[in-house]
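Numbering-wise, the sequence shown is residues -19 to 294 according to the numbering used here.
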Amino acid sequence: MKIFHQHRKMICRTILIVALLNLAALTFLSIRTGIVDGITKWALLERIFQGTRGKSFDSQVKVAYGHTGLVAEAPPAILEPQIDGEWTPPDQLKFTKLGEQLEWKYQVKDEWDDAIRIPLTYQKDPKVVGGYAYLKYDEKYLYCMIDLTAARDARKDMTAAFVFDTRHDGYSYGTSEDNFDIIIKIEDNYFGKIYSSVFSMQNAPFIKEVVAAATFGKSPNSSENHVKYEVGIPVKTLTKYPNTVEPNRVGFRVFGIDTYANIYAYGPVPSNTLSDLLLTSTPIPDLSYKSLTGALAIGAAFYAFHKKRSRRFF
Ligand SMILES: [Ca+2]
Ligand SMILES: [Ca+2]
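Below, the structure written as structure tokens:
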């Protein structure tokens, strides 16, 4: 007890600080958790600390033959993109059903701000990044922007492509109906307007309902003109032959081809192995803005409170 009395001031102060920090953390999280049903605090906490935005990462998942365990997490969309091959101005876009429910929806200021961004690396030298793929989804489509910064001109036969193993039970070309590709090919570049076609070499389900557009120009990733593709793949294409163990996880690869010597891909080498695509339930908030103002507000409140209390009790 003597020790307690000697250090009472310090102990009380420590308890107060810990309590306040907890309160601040909970308030901070509840701002986020209050917004969407089904999002656990833990999931948000994980996302905040992993900083998955713009990143892909190695995950300890049990992988099927032909898979690597490399995982790209696609979040649910807040803004519904317009498949026109461009970064469409946000005032021309509408919110998805989920987006409408979110208090912080107006902080998503860019068509692909709410998507995961994964680097497309040069297959002969993985240190070279030739562009980025952005991924997000809603109840209708898996959306993708392939910003191929390395492709500095737009020529016939340039392609962007996806490979899927939707059952996630192993991939080998042409061996099973759940193993398929979706290819977007540039057919013509006529006075700056790019005409493209969509097809599959392996009978992708609902291939006729895949929407795609390509353009040539600048983007947030490069001020040099380059090729961009925007694609909407129907969700039912990915769920016709589903992964029964984990329906939101499929085998996946995305790539853009500049020339056939220059392939930029997300996914392992050799190309008959696939990474994973995981459709997550957590939207990506604009952390850069939220976390800064949140931290400042919490810091200011803590300082004011502590100063006031310290005069009275300590
Ligand atoms: Ca667009
Ligand atoms: Ca398969």
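Every residue gets a Cβ at the ideal spot worked out from N, C-alpha and C, and that includes glycine.
Rounded to the nearest angstrom, the gap between the Cα atoms of A95 and A57 is 7 Å. DSSP places E83 outside any beta strand (DSSP E), giving it a letter other than H or E. Note that the C-beta distance between N205 and A130 is not below 8 Å. When DSSP states are grouped into helix, strand and coil, R132 belongs to the coil group.
The segment 246 to 256 makes no contact with the segment 117 to 134, as fewer than three CB pairs between them are under 8 Å. For the pair K208 and T195, the CB atoms are nearer than the 8 Å cut-off.
With a cut-off of 7 Å, the C-beta of P69 is classified as distant from ligand 1, since no heavy atom of the ligand falls inside that distance.
With contacts defined as CB atoms closer than 8 Å, D158 and Y221 qualify as a contacting pair. Annotation for V215: the continuous alpha helix (DSSP H) segment containing it runs V215 to T219. Segment contact: the segment 58 to 66 against the segment 85 to 103, three or more CB-CB distances shorter than 8 Å; contact assigned. For ligand 2, the residues with a Cβ under 6 Å from any of its heavy atoms are, in chain order, D145, R147, D149, G150, Y151, S156, D158 and N159. With respect to the C-alpha of T224, the residue from H148, V108, Y112 and T155 having the closest C-alpha is H148. Between L115 and L122, the beta carbon gap of about 7 Å places them in contact (Cβ cut-off 8 Å). Counting along the chain, S176 sits inside the beta strand (DSSP E) bounded by residues K173 to F179.
The alpha-carbon of P248 is positioned some 28 Å away from that of K198.
8 Å or more divides the Cβ of M125 from the Cβ of I237.
E189 sits in a helix when the DSSP states are folded into three classes.
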